Amino acid sequence: MGDLDLFEPGTQIFTGTVRSWSGSFGELVTDSGLAVIFVLQGQPQPQIGERITISARRFRPVYQAGTVTKA
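If you count the sequence shown from 1, you need to add 17 to reach our numbering.
Spelled out as structure tokens, the structure:
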């Protein structure tokens, strides 16, 4: 139990369309068809159908979005 960081190292960038929302959880579908479940905290919630890019760290089994920008 050496490392207490619950996030996997490094960030990943995903670009796609917001498909759904439930509370602070969103689902982003990328151009290649990958569905990415992510969490937003302290940021405005994008609209369903909006195309965005997120920079996120994996927090099993979801991603914590660090930044969200319109694509």
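C-beta: ideal position from N, C-alpha, C; glycine also.
Nothing here was measured: the structure is a model prediction, and the numbers come from that model.
Exposed unless 16 or more other CB atoms sit within 10 angstroms - verdict on ILE65: Around the Cβ of ILE65, a 10 Å sphere holds fewer than 16 other Cβ atoms; the residue is exposed.
Coarse secondary structure for ILE65, derived from DSSP in three states: Coil, per DSSP.
Buried/exposed call for GLY27, threshold 16 Cβ in 10 Å: With fewer than 16 other Cβ atoms within 10 Å, it is exposed.
heavy atom of the ligand MG below 8 angstroms from ILE54 C-beta: Among the components of this structure there are no ligands whatsoever, and the ligand MG is therefore not found.
PHE42 burial status per 10 Å Cβ neighbour count (16 or more: buried): Its Cβ having fewer than 16 others within 10 Å, PHE42 is exposed.
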